[in-house]
C-alpha cells in the first residue's frame, strides 16, 4: 500500500516562500488590513506554529496560501511561491482563482484541516465516499483501490473498526472521531504541507492530546510540513519546531520554539507568555495581564501596532515608524527596543 | 473553615425519564448528574472541572433551578439566615433567591439581549426587583460599570458595540447588580483571548474581595481552575470522582481520571515535551458501566470496578470515588 513517504524534501529549500503578503478586506465600513506585509518561509518536514489572538490575521494568512479567502477579502500584494516536487514554482498569490493549476495543488500538495470538522465534511455523504472522492480527484486509481486506501487511512488515524466507519455519516461520529476522519481525508493524497487551523480548540483535553500526538506521528511518517494555527501556548510548546507570533496582521517575532519560550524578544510575546496561568507554577496572585485590548481593525495605530498596549512605548519613535523584522539571536523580531540606531535617532 | 453557603445532597438530574404505562415499564433516561453531594463555603471559589458531557453545566443549571432536578436537595444559606431549599421551591421564593444567586455565562454574545441598551441589560434586575428608573437607575448602572472597569458613557450603547472581553464585563456587571452572595460562573473565561482572559480573572478576584462573593466556578481549563479556585471537584460522567483543595488535587491527584486529565494538558514549556508517557488510544466509551463510571477507560480497572460502584473514600485530604484509592 502506498502508505509510505513519497517526499524527499530536504530541509534547506523552503516549500513555500511568502514575501510581503497583503490580504485586505474591502468592507462597507472601510479597509481592514487583515494581513499586512508578511514574510514567512515554510520549511519541509517541520512544524511551524502561527500564534496569535483572535483577529490577528493568522487564519486569513493560512487561507491566503490556499486561496480560499472569502469576499470582500483579497490578496492585494506580495507573493506566495510554492516550489512543487517536480521543480516548478507557482506563485499562489497570482494564480487565477479556480484555475487548474491551483486546484491541482489544493487538496493534493497542500491540504487543510479546520477547527470544526463539519466545515470540511459534507453532512449528507458517507465518510468513505468523501475520502475516496478526494483520492480519485487527484490520482488515477480505481474505485476499489481508492476504497482500500481510504479504509487504511481511517485505520491509520486511529478510528476503530474502519471498514464499518467507512459507511458512517459524519453525524454518527463523536467530535474527536470526526476530527480524525477529517485528518484522514486531508492526508489521503499525502500532501507535502498540512495546514491545521486550530485543530484541537473545540476538543476536550484528553482528545486534544490524542489528536496532537496523531498529527506529530503522521508528520514524521509522511515526511510533510505542518503549519499549525493556534492561540494556545501549551499546544505550541507541545508540537512546534518554529513559531511565528502575529499581531494585527504582522509577524512580530519568529523563532524556534525553545528560543521563543526561554528568551522571548518582543514585548507582546513576553506579555503573552506571562499572562497564561500554568499548572504548578502560578499562585493565586494577580496575573500580569496585557493592558487594554487589540485596537479596532479600522483604527490601526500608526507606527508599531502594539505600541498602544506596550510597556516600553518610546514616543517619537514607535508611533512614527514601523519596526521591521530584524535578526536577533537565533530568531527575528520587529521592535525598536532591539535597534540601537533607531533609538539613537530619537 | 467558614460556614457553608450552599449544601447539595444526592442531587440527580436525568433526562428523558418515562413513567411507564400499560405496556411499558418505567425507565430512567440519561443520567447527567448522578447523586452528587458537596458544599460550598462562604467566601471561597469552588471549582467544578470536567470534559464536555461530564454534567458540569447541568449541575450549575440545577442549582439555579433553570432545570428542575430529578431528586436530591439543594440548600442555600443566605447571610441573614433562613436556609432555603431550592429543589422544589415555588417560583415566588426562587425570585427572591435569584437576587442572591446569580450566573455568568460563557458566551457573552448570546447572553446579552442585542435589542436592549447596556443600561437596560445591566439594570434589568434593578428595574424588576427594586423598581428603579431614571436617574436612580442610571447612577446605579454607572457604578456597576465602573466596578467592572468600563466607562459609564457606555450605558447608552448596544451590546454589539463591544468586544468579547467587554461584553463579558457587562455580563459580570449584570450579575453584580443585585448584590449577590453566590455567583455561578459557567465557563466564564473560556471564550476569551489569553490577554483578555487574564484581565477577566483578575477582575473576578478583585470583585470577590470587594463584595465578599462566593464563586462556583465551572470550567474545563485546568490551569485556570488551579489559578482561581480554593477547592476543586473533578466531574466525570455525572459524578464527582475527586474533591480536594486545589493544592492537594494538583500536587497529589488520587483518582486515575484526575491523573489522566492532568497528564493530557499541554504545558507551556517545550522542554517538558513528551512527558506524557504512553499513548492515549481512542476508546469507544459506550453505555455507562454498572460499576465505576471510569472503568471502561481506567488502566487499573478490575472486575470489582466493572461490577460494583466505588464508595467515597477519604485519602490524603481528598474525597475520592475509587475502589483502589490510595493503593494505585
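Residue numbers (my numbering), protein chains in the order written: chain A, 3 to 348; chain B, 444 to 771.
Using N, Cα and C, we set each Cβ at its ideal position, and we do this for glycine too.
Span of the alpha helix (DSSP H) around residue i
{"i": "residue 517 of chain B", "result": "No alpha helix (DSSP H) contains residue 517 of chain B, which is instead part of the beta strand (DSSP E) from 514 to 519."}
{"i": "residue 61 of chain A", "result": "60 to 68"}
{"i": "residue 140 of chain A", "result": "129 to 140"}
{"i": "residue 462 of chain B", "result": "Segment: none, residue 462 of chain B is in no alpha helix (DSSP H) and carries neither H nor E."}
{"i": "residue 749 of chain B", "result": "746 to 750"}
{"i": "residue 772 of chain B", "result": "Residue 772 of chain B is absent from the structure shown; chain B starts at 444 and stops at 771."}
{"i": "residue 212 of chain A", "result": "207 to 224"}
{"i": "residue 199 of chain A", "result": "Here residue 199 of chain A belongs to no alpha helix (DSSP H); instead the beta strand (DSSP E) covers 195 to 199."}
{"i": "residue 503 of chain B", "result": "499 to 506"}
{"i": "residue 706 of chain B", "result": "699 to 707"}
{"i": "residue 240 of chain A", "result": "235 to 241"}
Enclosing beta strand (DSSP E) for residue i [first to last residue]
{"i": "residue 757 of chain B", "result": "755 to 758"}
{"i": "residue 665 of chain B", "result": "Counting along the chain, residue 665 of chain B falls outside any beta strand (DSSP E), though it belongs to the alpha helix (DSSP H) covering 665 to 671."}
{"i": "residue 252 of chain A", "result": "252 to 258"}
{"i": "residue 331 of chain A", "result": "Counting along the chain, residue 331 of chain A falls outside any beta strand (DSSP E), and DSSP gives it neither H nor E."}
{"i": "residue 51 of chain A", "result": "49 to 53"}
{"i": "residue 247 of chain A", "result": "244 to 249"}
{"i": "residue 78 of chain A", "result": "75 to 85"}
{"i": "residue 18 of chain A", "result": "18 to 29"}
Residue i burial status per 10 Å Cβ neighbour count (16 or more: buried)
{"i": "residue 120 of chain A", "result": "exposed"}
{"i": "residue 28 of chain A", "result": "exposed"}
{"i": "residue 242 of chain A", "result": "buried"}
{"i": "residue 222 of chain A", "result": "exposed"}
{"i": "residue 184 of chain A", "result": "buried"}
{"i": "residue 470 of chain B", "result": "exposed"}
{"i": "residue 332 of chain A", "result": "exposed"}
{"i": "residue 599 of chain B", "result": "exposed"}
{"i": "residue 721 of chain B", "result": "Summary for residue 721 of chain B: the model assigns pLDDT 46, below 50, so the residue's position carries little reliability, and this model does not support an answer."}
{"i": "residue 328 of chain A", "result": "exposed"}
{"i": "residue 655 of chain B", "result": "exposed"}
{"i": "residue 420 of chain B", "result": "This structure does not reach residue 420 of chain B, given that chain B is present from 444 up to 771, and the question cannot be answered."}
{"i": "residue 523 of chain B", "result": "exposed"}
{"i": "residue 578 of chain B", "result": "exposed"}
{"i": "residue 449 of chain B", "result": "buried"}
{"i": "residue 472 of chain B", "result": "exposed"}
{"i": "residue 685 of chain B", "result": "buried"}
{"i": "residue 604 of chain B", "result": "exposed"}
Own chain residues within Cβ distance below 8 Å of residue i, not counting five before or after
{"i": "residue 212 of chain A", "result": "160 and 178"}
{"i": "residue 147 of chain A", "result": "none"}
{"i": "residue 467 of chain B", "result": "461"}
{"i": "residue 668 of chain B", "result": "490, 492, 660, 662, 675 and 689"}
{"i": "residue 653 of chain B", "result": "590"}
{"i": "residue 650 of chain B", "result": "590, 591, 615, 619 and 656"}
{"i": "residue 171 of chain A", "result": "125, 126, 127, 128 and 129"}
{"i": "residue 702 of chain B", "result": "696"}
Cutoff 6 Å; reference residue i; Cβ partners in own chain excluding five residues on either side
{"i": "residue 113 of chain A", "result": "188, 193 and 196"}
{"i": "residue 36 of chain A", "result": "25, 27, 59, 62 and 251"}
{"i": "residue 165 of chain A", "result": "153"}
{"i": "residue 149 of chain A", "result": "134"}
{"i": "residue 138 of chain A", "result": "148"}
Sequence-distant residues of the same chain with beta carbon closer than 7 Å to residue i, five excluded per side
{"i": "residue 19 of chain A", "result": "43 and 83"}
{"i": "residue 349 of chain A", "result": "With chain A covering only 3 through 348, there is no way to say anything about residue 349 of chain A."}
{"i": "residue 620 of chain B", "result": "565, 566, 568, 569 and 587"}
{"i": "residue 232 of chain A", "result": "51, 53, 200 and 238"}
{"i": "residue 214 of chain A", "result": "202, 237, 240 and 241"}
{"i": "residue 38 of chain A", "result": "24, 251 and 252"}
{"i": "residue 548 of chain B", "result": "554, 614 and 629"}
{"i": "residue 682 of chain B", "result": "477, 479, 736 and 764"}
Enumerate, from N- to C-terminal direction, the unbroken beta strand (DSSP E) stretches of 3 or more residues contained entirely within the region 522 to 609 of chain B. Within the region 522 to 609 of chain B, the complete beta strand (DSSP E) runs of at least 3 residues are 544 to 547.
Could you list the residues in the region 214 to 240 of chain A with a C-beta less than 8 Å from some C-beta on chain B, going in chain order? Against chain B - using a Cβ distance shorter than 8 Å - the residues of the region 214 to 240 of chain A are 214, 215, 233, 234, 235, 236, 237, 238, 239 and 240.
Selection of the region 589 to 606 of chain B by Cβ proximity to chain A, strictly under 8 Å: Flagged, chain order: 606.
Only counting runs of 4 or more residues, tell me where the alpha helix (DSSP H) segments fall wholly within the region 265 to 296 of chain A, in order along the chain. Within the region 265 to 296 of chain A, the alpha helix (DSSP H) runs of at least 4 residues that lie entirely inside it are, in chain order, 269 to 277.
Between the region 654 to 671 of chain B and chain A, which residues of the former have a C-beta closer than 8 Å to a C-beta of the latter? If the cut-off is 8 Å between Cβ atoms, the region 654 to 671 of chain B has 663, 665, 666, 667, 669, 670 and 671 near chain A.
Interfacial residues, the region 485 to 517 of chain B to chain A, with Cβ spacing under 7 Å: Taking 7 Å as the Cβ-Cβ cut-off against chain A, the residues of the region 485 to 517 of chain B that qualify are 494 and 495.
Could you name the residues of the region 540 to 552 of chain B whose beta carbon sits closer than 9 Å to any beta carbon of chain A, in the order they occur along the chain? Listed by position, the residues of the region 540 to 552 of chain B near chain A (Cβ gap below 9 Å) amount to none.
Sequence ranges, alpha helix (DSSP H) only - wholly within the region 134 to 184 of chain A, length at least 4: Complete alpha helix (DSSP H) runs here, min 4: 145 to 158 and 164 to 167.
Using a Cβ-Cβ cutoff of 9 Å, what residues of the region 309 to 325 of chain A are near chain B? List them in chain order. Correct list: 311.
Pull out every residue of the region 40 to 74 of chain A whose Cβ sits closer than 7 Å to any Cβ of chain B, in chain order. Only 55 and 56 from the region 40 to 74 of chain A bring a Cβ to less than 7 Å from some Cβ of chain B.
Which residues, in order along the region 683 to 703 of chain B, keep a beta-carbon less than 8 Å from a beta-carbon of chain A? Cβ contacts with chain A: 693, 694 and 703.
Report the residues of the region 445 to 456 of chain B with a CB closer than 8 Å to any CB of chain A, ordered along the chain. Taking 8 Å as the Cβ-Cβ cut-off against chain A, none of the residues of the region 445 to 456 of chain B qualify.
Pull out every residue of the region 628 to 644 of chain B whose Cβ sits closer than 7 Å to any Cβ of chain A, in chain order. In summary, the residues of the region 628 to 644 of chain B whose CB is separated from some CB of chain A by less than 7 Å are 636, 637, 638, 639, 641, 642 and 644, in the order they occur in the chain.
Residues of the region 242 to 270 of chain A in Cβ contact with chain B at a cutoff of 7 Å, in chain order, please. Within the region 242 to 270 of chain A, the residues whose Cβ lies closer than 7 Å to some Cβ of chain B are 259, 260 and 263, listed in chain order.
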